[in-house]
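K.L.:
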Amino acid sequence: MKKITKKGNGLLCVAFVLSAFLSSSIATAAQSGIKVSNSVHTANRYAPTLTTDSLNSVNVTDTTEVEKHRIWLTLEADNLVTTILVGYVPGATLGVDAGYDCVNFWNPDSAFYSLIYGDAYLIQGRPLPFTTDDVVPLGFKALQAGNLIISVIDADGIFSEGQEILLRDKLNGTTSSINNTPYNFTSDSGTFNDRFEIVYTNANLAISTFGIAKDVRVYAKEGKVFVQSPENIDTVRIFDLQGRLLSERSDVNGPYYQTEELEAGRQLLIVQVADKQGHTIVKKIMN
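FYI, in mature numbering (1 follows the signal peptide of the UniProt record, and there is no 0) the residues of the sequence shown are -29 to -1, 1 to 258.
If you want it as structure tokens, here you go:
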């Protein structure tokens, strides 16, 4: 696993890291005052990142371990590295937890974040016990088109003991392990909240022979998209080449589906078709 020291120009949501990811006694100490590093990595233009180095200055006698399983991820684009944290900790929920979740509080040229109810978070706590069917939606903002890289730069708990961390790219229908291998991709400029998810198992998300892929027919006519399959369809999602979700329908429950007329103009579309088991195929068509 590639290692990058988790230092930066400070963490505004100190309470989250301390109370959710460390022992309660450290959290109590933090409430009475704790130093937060304010160094800046000018060479690589690091955006605010996550550090617990300042805990070294706190005199804590109770070091009882609290269960925590954390992942540090980065998005690299044009020498800008944005770091986020997703962690599974006691007391966190899938919703917004005051004192746990930390909003994306800065606005660099390019940004990376996880999502809660569609809002951007630099740090996100999720509940225990950890389950491999959990899905963490991610978003990013790119100032200009180009190549980007998503990496796991550090992990602890079960994520340092072999639990697979997978990145699902809904634009091209792939699911890739990023424990040790960064994910390289290209993107146009803009904000994209529907393209990536962190998942933990291939069982329900792998690309597989849904029906027989060649027998699933997808085509466009008069601004509508049509899908025909030898097996029942569950979900149809349609994206443009920028990764924007144009249309989504769940619970189709039949072998045939057609959209309403799409306001997409003439362009190449990416159509993702899934069955109830999560088996997915991806087709590219011209609208």
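Heads up, the beta-carbon is just placed ideally off N, CA and C, and yes, glycines get one too.
Using 8 Å for Cβ pairs, my map puts Leu240 next to Asp222. What's the rounded Cβ distance?
P.N.:
22 Å between Cβ atoms; not a contact.
K.L.:
Can you tell me whether Lys210 is helix, strand or coil according to DSSP?
P.N.:
Strictly speaking, residue 210 in this sequence is Phe, with Lys absent from that position. Reduced to three states, the DSSP call for Phe210 is strand.
K.L.:
With DSSP as the reference, label Ile204 as helix, strand or coil.
P.N.:
Residue state, collapsed to three classes: strand.
K.L.:
Between Thr53 and Ser122, which are expected to be in contact by the criterion C-beta below 8 Å, what is the C-beta distance as a whole number of angstroms?
P.N.:
Thr53 to Ser122, Cβ: 11 Å. No contact.
K.L.:
So what does DSSP say about Ser160, is it helix, strand or coil?
P.N.:
In the structure shown, Ser160 sits in coil (DSSP, three-state: anything other than H, G, I, E or B).
K.L.:
Would you tell me roughly how many angstroms separate the C-alpha atoms of Arg16 and Val67, rounded to the nearest one?
P.N.:
Here Arg16 scores only 37 on pLDDT, less than 50, and its place in the model is too uncertain to base an answer on.
K.L.:
Give the straight-line distance between the Cα atoms of Leu93 and Ala82, rounded to the nearest whole angstrom.
P.N.:
So the two alpha carbons sit approximately 10 Å from each other.
K.L.:
Would you report the Cα separation of Ile204 and Val253, rounded to the nearest angstrom?
P.N.:
Cα to Cα, Ile204 sits roughly 13 Å from Val253.
K.L.:
Assuming contact is defined by CB atoms lying nearer than 8 Å, are residue 281 and Glu135 in contact in what I supplied?
P.N.:
Here the chain comprises residues numbered -29 to 258, so residue 281 is not present and cannot be evaluated.
K.L.:
Let's test the definition: count the other Cβ atoms within 10 Å of the Cβ of Asn75 and tell me whether it reaches 16, buried, or not, exposed.
P.N.:
Asn75 should be labelled buried.
K.L.:
Helix, strand or coil: how does DSSP classify Ala(-10) here?
P.N.:
With a pLDDT of 37 at Ala(-10), under the threshold of 50, the modelled position of this residue cannot be trusted; read the value that follows with caution. In this structure, Ala(-10) counts as helix in the three-state DSSP scheme.
K.L.:
Quick check on the burial criterion: 16 or more other C-beta atoms within 10 angstroms. Buried or exposed for Asp49?
P.N.:
Looking at its Cβ environment, which holds fewer than 16 other Cβ atoms inside 10 Å, Asp49 is exposed.
K.L.:
Skipping 5 residues on each side, what residues in its chain have a beta carbon closer than 6 Å to that of His40?
P.N.:
The residues are Tyr59, Phe101, Gly128, Ile129, Phe130.
K.L.:
Quick one: what does DSSP say Ser25 is sitting in, helix, strand or coil?
P.N.:
Confidence at Ser25 is low in this model, with a pLDDT of 29, below 50, so the placement of that residue should be treated as unreliable; the coordinate-derived value is given next. Here Ser25 sits in helix by DSSP.
K.L.:
For the candidate residues Leu137, Ala235, Arg188, Ser160, whose alpha-carbon lies nearest to that of Asn173?
P.N.:
Ranking Leu137, Ala235, Arg188, Ser160 by Cα distance to Asn173 puts Leu137 first.
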